[in-house]
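Worksheet: the structure to be examined is printed underneath.
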Amino acid sequence: MGAAKQAIHAAVADEADVSVAEGVPAERPTTRKVLPIVEGVVLVAALLAPLVLQDYLTVFATRVIILALFALSFDLVWGYAGIMSFGQALFFGSAGYGVALLARDLNVTNILLVLPAGTLIGLTFALLLGGFLLLGRHPSSVIFVSLGTLTGSYAADRLARGWYYLGGQNGIPSIAPMSLGSYDFTEGPAFYYLVLGILVVVYLLCRFLVRSQFGLALAGLRENEQRIAFFGYKAQHLKAIIFTIGGAVAGLAGSLYAFHEGFVWPNMVGVVVSTQVVLYVLFGGSGTLIGAVIGAIIVEGVSFWLSDNYRDIWPIILGLLLLLVILFRPLGLISFVLGERERVGSFGAKPKEKRNAAP
Amino acid sequence: MPLLEAAGVKKVFGKLTALDGASLTVGENEFHGLIGPNGSGKSTLMKCIAGAEVPTQGKVSFVNTDITEFTPTERARAGMSLKFQITSVLPSLTLYDNILLALQAQCSLLDLVFSRTRGLLHDQVMTMLTQFRLADRAFEAAAALSHGQQQWLEIAMALAGKPKLLLLDEPTGGMSLEERRVTGELLQPIKQHCSLVIVEHDLDFIRDICDRLTVLDQGKVLASGTVSEIQANKSVQEIYLRRA
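As they're listed, the protein sequences go chains A and B.
Here the numbering used here = 1-based position in the first sequence + 1145.
Here the numbering used here = 1-based position in the second sequence + 194.
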């Protein structure tokens, strides 16, 4: 049933693309909006999940929601600004380590302190790295930025492994739970809904940002950076801004992750996790926000199920699945239901409303 | 004092000398044509003026400022605009958004984030679209336009920021005769506030709209002057005969 629906949507989307390509006058912005429906379905499913899932699965789902938040940060920088960041875990992990140290050394676990602190750590690291990689006088090449971020993540991994204060190879175990007054957030439905609430708020903020006129500038940046520089845009500044925001979101996700898992370890800042988030977004579909969330849920869900049922060969099956999607659906799973026109979307208020509102 | 002055511009790519001390002077509100055989260095000179390439030697001044080392962004902010040879409108965006994208380049970040630009610039967007005869298709994707219309959209985008100088690289490439004629008509009104440097193969088109011409050959200026002076010039006739 669902699959048939998807096929129909895909057919409709393809048709629209063809008419555009042939130069037949396209209709005005379509009234058919798939994106809000997808977002609604994902939200409802996420809200209901703890009610139907067993406890240990709710814990797993919480982890997935945190990773979805992390995926959002990569979608912002790659899907919207076209910055190939292979070091997103640097911001995720450093925030995780930061809040773990706050909890271990200063006994600070208040949620109102640790989450802003984690966000700030991610933001600061992204500002420093982004400033270095992106803010040259001339635009930096994609390869420079991707290698730079990759190196940053790799270096952080090595540093964490070798630094006794950070627990070396073992990381920092037994982090005290996050608290609010006398209430401790331990694994379970409360933590799940907290994380989901944060994801929804951050998602809406990101959505507001990418659908604003700033988002239009980002679309220009992504499609043709040189062109918009010739209009007078400070393209590198735009990139540094979105990179920094991405770092902040990754930092928020990293601090939640640290408290949820109860420990941090060097992998969290390293290349493996950096690559993982790239896969979520490519798999789900970049430049849509919801694609990143869906990608994280499906990749993690499928790995979980596969590792349970095919203990030995599951990474191979997962790898093949990812390859298939990237080969045949380069725009990710979301492209089964979402046409190109809606993916790029519109920016700011609808022009019609604008005209009515104008005196 | 001229609006634009490129003096002794030399550009070397490896062993190839694309420009060998070319100069170009453009006054205010002047339409200046840049012509010459293929490989004569026209596009390279345009790129050096626009900032897409940095000259190996020589100097480019714009409104009394040495801009040789300026980035494209700084040039745009100084009042220079460029239409690329290859159309680079953003195909999946609407015409309206394409123009708005160009118009809001110098707006503040807060205006962008809170989408105030749309309210501020709506009238200007529609004026540009009307001027370029595209207003009735404002909310279609740019990909739906014909090639000629895409070129007009691109010119409209280049003019959106009210530049003092517009650089057009082969604006009529791939256009029908009728589209070429309309392009000429569309460009005439901008003369009141903007100078134009135009690279074009269509000599009739150039002759119709330009005040002055500069002829390049093998990276050097062969001749420069009014249209009738150039037409009477023996060596110019020669290179075009040689080519034919």
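Positions of the beta carbon are idealized from the N, C-alpha and C atoms, including for glycine.
Small disclaimer: the values here were computed from a predicted structure and weren't measured.
- Message: For L210 (chain B), would you say it is in contact with chain A, using Cβ-to-Cβ distances shorter than 9 Å as the test?
- Response: Working through the second sequence from its first residue, we reach residue 210 (chain B) at position 16. Taking Cβ atoms only, chain A never reaches closer than 9 Å to L210 (chain B), which makes this a no.
- Based on Cα-Cα distance, which residue from A:Q1381, A:L1341, A:G1365, A:M1413 lies nearest to V1290 (chain A)? Position 145 of the first sequence, counted from the start, is the residue given in the question as residue 1290 (chain A). For V1290 (chain A), the closest alpha carbon among the candidates A:Q1381, A:L1341, A:G1365, A:M1413 is that of A:Q1381.
- Kindly indicate which residue of B:T259, B:D214, B:G233 has the alpha-carbon position closest to the one of E394 (chain B). As a first step, residue 394 (chain B) is located in the second sequence; it is residue number 200 there, counting from the start. With respect to the C-alpha of E394 (chain B), the residue from B:T259, B:D214, B:G233 having the closest C-alpha is B:G233.
- Message: Just to make sure I have the definition right: I need the residues of chain A whose C-beta is within less than 8 Å of the C-beta of R271 (chain B). Which are they?
- Response: Counting from 1 along the second sequence, the entry for residue 271 (chain B) is found at position 77. Neighbourhood of R271 (chain B) in chain A, by CB distance below 8 Å: G1377, in chain order.
- Does the distance from the CB of T1389 (chain A) to the CB of A1271 (chain A) come in under 9 Å? Here residue 1389 (chain A) is taken as the residue at index 244 of the first sequence, counted from 1. Here residue 1271 (chain A) is taken as the residue at index 126 of the first sequence, counted from 1. Closer than 9 Å, so yes.
- Message: Can you confirm whether the segment 235 to 244 of chain B touches the segment 284 to 298 of chain B when touching is taken to mean that 3 or more C-beta pairs between the two stretches lie within less than 8 Å?
- Response: By the Cβ rule, the segment 284 to 298 of chain B does not count as touching the segment 235 to 244 of chain B, because fewer than three pairs are nearer than 8 Å.
- Message: Using a 10 Å radius around the Cβ and a threshold of 16 neighbouring Cβ atoms, would you call S302 (chain B) buried or exposed?
- Response: Position 108 of the second sequence holds residue 302 (chain B). It counts as exposed.
- Message: Under 8 Å, CB to CB, which of the residues in the segment 1358 to 1372 of chain A have a partner in chain B?
- Response: Along the segment 1358 to 1372 of chain A, going in chain order, the ones with a CB nearer than 8 Å to a CB of chain B are Q1358, F1359, L1361, A1362, A1364, G1365, E1368, N1369, Q1371, R1372.
- Query: Whose Cβ in chain A lies nearer than 9 Å to the Cβ of A200 (chain B)?
  - Reply: Here the question's residue 200 (chain B) lines up with position 6 in the second sequence. Against chain A, a Cβ distance below 9 Å from A200 (chain B) picks out nothing, because the smallest value is about 18 Å.
- Message: Let me make sure I understand the geometry here. Which of B:L407, B:L304, B:N258, B:A212 has the alpha-carbon closest to that of Q251 (chain B)?
- Response: Locating residue 251 (chain B) in the second sequence gives position 57, counting from the first residue. Nearest to Q251 (chain B) by C-alpha distance, out of B:L407, B:L304, B:N258, B:A212, is B:A212.
- Query: What residues are listed by DSSP as bridge partners for Q345 (chain B)?
  - Reply: Counting from 1 along the second sequence, the entry for residue 345 (chain B) is found at position 151. Q345 (chain B) is not bridged to any residue.
- Item | Contiguous beta strand (DSSP E) assignments of at least 3 residues, all confined to the segment 274 to 359 of chain B | With a minimum length of 3 residues, the continuous beta strand (DSSP E) runs that stay inside the segment 274 to 359 of chain B are 274 to 277.
- Message: Would you say T219 (chain B) lies against chain A (beta-carbon separation less than 9 Å)?
- Response: In the second sequence, counting from the first residue as 1, residue 219 (chain B) sits at position 25. Answer no: the Cβ-Cβ gap between T219 (chain B) and chain A never drops below 9 Å.
- Report the residues of the segment 1342 to 1354 of chain A with a CB closer than 9 Å to any CB of chain B, ordered along the chain. Of all residues in the segment 1342 to 1354 of chain A, the ones placed with a Cβ closer than 9 Å to any Cβ belonging to chain B are F1353, L1354, in chain order.
- Message: Below 8 Å on the Cβ atoms is my contact criterion, and I expect P1181 (chain A) with D1302 (chain A) to pass it. Report the Cβ-Cβ distance as a whole number of Å.
- Response: Start at 1 with the first residue of the first sequence, and residue 1181 (chain A) comes out as number 36. Start at 1 with the first residue of the first sequence, and residue 1302 (chain A) comes out as number 157. The beta-carbon separation of P1181 (chain A) and D1302 (chain A), rounded to 39 Å, does not stay under the 8 Å limit for a contact.
- Rounded to whole angstroms, what's the CA-CA distance from V1347 (chain A) to V1394 (chain A)? Just pull it up for me. Translated into the one-based positions of the first sequence, residue 1347 (chain A) becomes position 202. Translated into the one-based positions of the first sequence, residue 1394 (chain A) becomes position 249. Distance between the alpha carbons of V1347 (chain A) and V1394 (chain A) is about 8 Å.
- Item | CB contact check: V1489 (chain A) to chain B, cutoff 9 Å | Here residue 1489 (chain A) corresponds to residue number 344 of the first sequence, with the count starting at 1. The beta carbon of V1489 (chain A) sits closer than 9 Å to some beta carbon of chain B.
- Considering only the beta carbon of each residue, do T259 (chain B) and A272 (chain B) sit closer than 9 Å? The residue you call residue 259 (chain B) lines up with position 65 of the second sequence. The residue you call residue 272 (chain B) lines up with position 78 of the second sequence. Yes, they are a contact pair.
- Item | Proximity winner among B:S370, B:P285, B:P266, B:L197, relative to E1485 (chain A) (alpha-carbon distances) | What you label residue 1485 (chain A) is simply residue 340 of the first sequence in a count that begins at 1. If we check each option's Cα against that of E1485 (chain A), B:P285 comes out closest.
- Output the boundary residues of the beta strand (DSSP E) element that contains D411 (chain B). The residue labelled residue 411 (chain B) in the question sits at position 217 within the second sequence. Per DSSP, D411 (chain B) belongs to the beta strand (DSSP E) from 406 to 411.
- Residue-level contact to chain B via CB, I1479 (chain A), 9 Å cutoff: The count along the first sequence starts at 1 and reaches residue 1479 (chain A) at position 334. Not a single CB atom of chain B sits nearer than 9 Å to the CB of I1479 (chain A).
- Message: Bridge partners for E199 (chain B) per DSSP, in chain order?
- Response: Working through the second sequence from its first residue, we reach residue 199 (chain B) at position 5. E199 (chain B) is bridged to B:T219, B:S255.
- Item | Terminal residues of the alpha helix (DSSP H) in which H387 (chain B) lies | As a first step, residue 387 (chain B) must be located in the second sequence, where it is residue number 193. Unbroken run through H387 (chain B): none, as it is neither H nor E.
- Item | Any C-beta of chain A under 9 Å from that of Q298 (chain B) | For the purposes of this step, residue 298 (chain B) is taken as the residue at position 104 of the second sequence. Yes, because at least one Cβ of chain A sits closer than 9 Å to the Cβ of Q298 (chain B).
- Message: What does the alpha-carbon distance come out to for the pair V1165 (chain A) and L287 (chain B)?
- Response: Translated into the one-based positions of the first sequence, residue 1165 (chain A) becomes position 20. Translated into the one-based positions of the second sequence, residue 287 (chain B) becomes position 93. Legend: pLDDT at V1165 (chain A) = 38, less than 50; position of this residue unreliable, value from coordinates given subsequently. It is roughly 12 Å from the alpha-carbon of V1165 (chain A) to the alpha-carbon of L287 (chain B).
- Task: Using 10 angstroms around the beta-carbon of K1379 (chain A), count the other beta-carbons present and answer buried if the total reaches 16, otherwise exposed.
- Result: Here residue 1379 (chain A) is taken as the residue at index 234 of the first sequence, counted from 1. Answer is buried; the Cβ neighbour count reaches 16.
- Query: Between the segment 231 to 246 of chain B and chain A, which residues of the former have CB atoms less than 9 Å from a CB of the latter, in chain order?
  - Reply: Here the close residues are A244, G245, A246.
- Message: Tell me the residue span of the alpha helix (DSSP H) that contains F1330 (chain A).
- Response: For the purposes of this step, residue 1330 (chain A) is taken as residue 185 along the first sequence, with counting starting at 1. It is not in any alpha helix (DSSP H) - F1330 (chain A) instead sits in the beta strand (DSSP E) that spans 1328 to 1330.
- Can you have a look at L1257 (chain A) and say buried or exposed, based on whether 16 or more other CB atoms are within 10 angstroms of its CB? For the purposes of this step, residue 1257 (chain A) is taken as the residue at position 112 of the first sequence. L1257 (chain A) should be labelled exposed.
- Query: Using 9 Å as the limit for Cβ to Cβ distance, is I1386 (chain A) near chain B?
  - Reply: In the first sequence, counting from the first residue as 1, residue 1386 (chain A) sits at position 241. Output row for I1386 (chain A): interface = yes.
- Where the beta strand (DSSP E) through G419 (chain B) begins and ends: Taking the second sequence and counting its residues from 1, one reaches residue 419 (chain B) at position 225. Looking at the DSSP string, the run of the beta strand (DSSP E) that includes G419 (chain B) is 414 to 420.
- Between D291 (chain B) and chain A, is there a C-beta pair that is closer than 9 Å? By 1-based counting over the second sequence, the position of residue 291 (chain B) is 97. Closer than 9 Å: yes.
- Message: When you compare the CB positions of L1268 (chain A) and G1232 (chain A), do they come within less than 9 Å of one another, or not?
- Response: As a working note, residue 1268 (chain A) is residue 123 in the first sequence. As a working note, residue 1232 (chain A) is residue 87 in the first sequence. For the 9 Å CB-CB criterion, L1268 (chain A) and G1232 (chain A) do not form a contact.
- In its own chain, which residues sit with a C-beta less than 6 Å from the C-beta of G1297 (chain A), not counting the 5 before and 5 after it? Here residue 1297 (chain A) refers to the residue found at position 152 when the first sequence is read from its first residue. Here the set comprises G1232, L1235, L1274.
- Members of the segment 1222 to 1239 of chain A near chain D, C-beta cut-off 9 Å: This model lacks chain D altogether; the protein chains it does include are A and B.
- Task: Report yes if the CB atom of L289 (chain B) is closer than 9 Å to the CB atom of L323 (chain B), and no otherwise.
- Result: Taking the first residue of the second sequence as position 1, residue 289 (chain B) is located at position 95. Taking the first residue of the second sequence as position 1, residue 323 (chain B) is located at position 129. Yes. Within cutoff.
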